[in-house]
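A short worksheet on the structure shown next.
Residue numbers (my numbering): 134 to 789.
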């Protein structure tokens, strides 16, 4: 060894972007002809761009050997981190022509143990990093601009191999324990997560084969808007495929995602990432053994503002395919699915069936259910068949759906699922729907009789329902026609309904016999024009209900009914009529009627004719004769509803 092997060198400050070194020193001392003792140290080393800083650093090689190969065994590395935490490691180094081997053992910054191995043999090289108990503080220093860790530990191994062409293999195995970290914007986070992660990739010419496996065992995961408590529903993900450097194509050949009983998904796909992102092909199969968990985990967070009370139960198997960014085919099997939206009064139970759809070829679907309730209106068990293609779904044959002791015959059902302007059209017949069951469903006073009717073409478009024709209903031995019907935002926070209603020759005896209102015989006709409902409550209309012209039926009215009408209209009888009311139970009348123009919460009342300062509600006929006259033409709508409520809830109505 030359005599200059004994030397000492010191540099006050050294700058070489991105490195800043202060107080550097290098000393050597000859030990023998082929060895020396070498020590390098500096007071401070900084890498500003990486937010890295260490001080009082030294590396001491007690025996640096020079022969056919150069080596340093058990060199000591010491230093102090930016957080004033000391660390210590051992370095082994071996170099010979065409090869070298570097090994760093037991590097312990901030309680973390790191081991590093770097070897080269001709053009081949290998890198291995062992990590033990990597803590949140050190992780924040390593990736300061991406994530913010707060607690937990990481343990694992990272390996890479390569040659003159570059990286050829890469693998990572990591275990997280009680690990908490989030992105800087808070949109993604994990809390006290215990998990395993394995990833590996191998280069073959210009392609990369890759494999991935992850298991999340404990903790919580947040990915806006979804939040998963992993301990209740463990998550497993396995995947494999290849990546092409030349075509920028990602192939997913075998992927399986499992989240407890809530969701099991398998997928294969071909994705093109350049020049534009495109799903060239995708095959996805989904299975849920517990739709309740699936709904709570995946659907409710996404639709919290619109369907925050959604409940699903049952099982589903489904599959779909995508080609060139376009959905191409769907298949789904439903097994005892139950669908509830309590806030919208929607319930569908016992759904079974097979649903199919294709972009270009007609597909047949079948569906059956045990019961459907829409806004309290019940539909009993039935089944139907549908044919679908592209954006169109329609009923193959007319179907009879039992309801209210009768049935609804749906003659037409056609759905256009256009993404921008979906439309729905249908027509139906009502046959023998029992009014007593309808009253029970809506918690009305008991009714009797049946409803028969015709519903012409009804269209749903842009969140609104319109009617092509009139809805005709036969009830109470008379006729009711609903025209100009339009309804909007039915499933929103403020549904609206507009309609005109014509009422013709209803039998008053059938209409009143089940009410505490009192009994009336005769006929009733009238209308409700320009009806407007908001949130199912009337806000304006012009209504008239009364005895029709040229009605030759018997006109009888009970004492109780007279009192009820007087109570509704805020009217009174004359002194003679009041005395007669105490003697007779039933009276004849010539005409009766009441009208209301509702506007701004006030009802403008009217009767069959004007009478001095009031209006006649009941015009008596024959003997004994009783007239009921109203004197207050303007009544608050809520007051009027309260009067009706009192009449229906008590059998003792007095006239003041």
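Built from N, CA and C at the ideal position, the CB exists for glycine as well.
Predicted model, so just to flag it, every value in this text is computed and none were measured.
Per DSSP, residue 200 is not a residue of any alpha helix (DSSP H), being assigned neither H nor E.
Straight-line measurement puts the Cα of residue 673 at about 46 Å from the Cα of residue 448. Between residue 627 and residue 562, the beta carbon gap of about 32 Å keeps them out of contact (Cβ cut-off 8 Å).
About 6 Å separates the beta carbon of residue 478 from that of residue 509, a gap short enough to meet the 8 Å contact definition.
Sequence-distant partners of residue 575 (beyond 5 residues in either direction) whose C-beta falls short of 6 Å from its own C-beta, in its chain, are 509. One alpha carbon belongs to residue 416, the other to residue 505, and they sit about 33 Å apart. By the Cβ criterion, the segment 246-253 is not in contact with the segment 277-286, since fewer than three pairs of Cβ atoms, one from each stretch, lie closer than 8 Å. Judged by pairs of C-beta atoms under 8 Å, the segment 379-388 touches the segment 398-408, as three or more such pairs exist. DSSP, read as helix, strand or coil, puts residue 544 in strand. Straight-line spacing of the CA atoms in residue 192 and residue 227 works out to 16 Å. Residue 272 is classed as buried because its beta carbon has at least 16 other beta carbons within 10 Å across all chains shown.
Scanning its chain for C-beta atoms nearer than 7 Å, with the 5 sequence neighbours on each side dropped, one finds around residue 317 the residues 281, in chain order. Bridge partners of residue 511 according to DSSP: 506. Taking a C-beta distance under 8 Å as the contact criterion, residue 366 and residue 426 qualify as a contact pair. DSSP places residue 742 inside the beta strand (DSSP E), whose first and last residues are 742-744.
According to DSSP, residue pairing for residue 171 in a beta bridge involves 161 and 194. For residue 425, the enclosing alpha helix (DSSP H) begins and ends at 424-427. According to DSSP, residue 662 shares a beta bridge with 675. Straight-line measurement puts the Cα of residue 205 at about 42 Å from the Cα of residue 315. Contact check for residue 249 against residue 267 fails: the beta carbons are separated by 8 Å or more. Under DSSP, residue 586 shares a beta bridge with 563 and 606.
In chain order, 654 place their CB closer than 6 Å to the CB of residue 642, counting only its own chain and leaving out the 5 sequence neighbours on each side. Of all C-beta pairs linking the segment 460-476 to the segment 511-520, fewer than three are shorter than 8 Å, placing the two stretches out of contact.
Here residue 395 is near residue 423, since their CB atoms are less than 8 Å apart. Annotation: the segment 378-466 contains the following complete segments of the beta strand (DSSP E) (minimum length 3 residues), in chain order: 382-392, 396-405, 411-421 and 444-456. Closest in C-alpha terms to residue 283, from the list 311, 320 and 258, comes 311. When only Cα atoms are considered, residue 388 and residue 372 end up about 4 Å apart. Scanning 732, 259, 695 and 733 for the CA closest to the CA of residue 726 turns up 695. A Cβ-Cβ separation of about 12 Å leaves residue 679 out of contact with residue 638 under the 8 Å criterion. The bridge partners DSSP lists for residue 635 are 614 and 660. Sequence-distant partners of residue 174 (beyond 5 residues in either direction) whose C-beta falls short of 6 Å from its own C-beta, in its chain, are 158 and 191.
Between residue 214 and residue 187, the gap from beta carbon to beta carbon is short of 8 Å. Across the set 518, 342 and 614, the C-alpha of 518 shows the shortest separation from the C-alpha of residue 547. Rounded to the nearest angstrom, the gap between the Cα atoms of residue 551 and residue 527 is 14 Å. From the listed residues 600, 607, 625 and 629, the smallest Cα separation to residue 616 is found for 600. Rounded to the nearest whole angstrom, the CA to CA distance from residue 622 to residue 579 is 31 Å.
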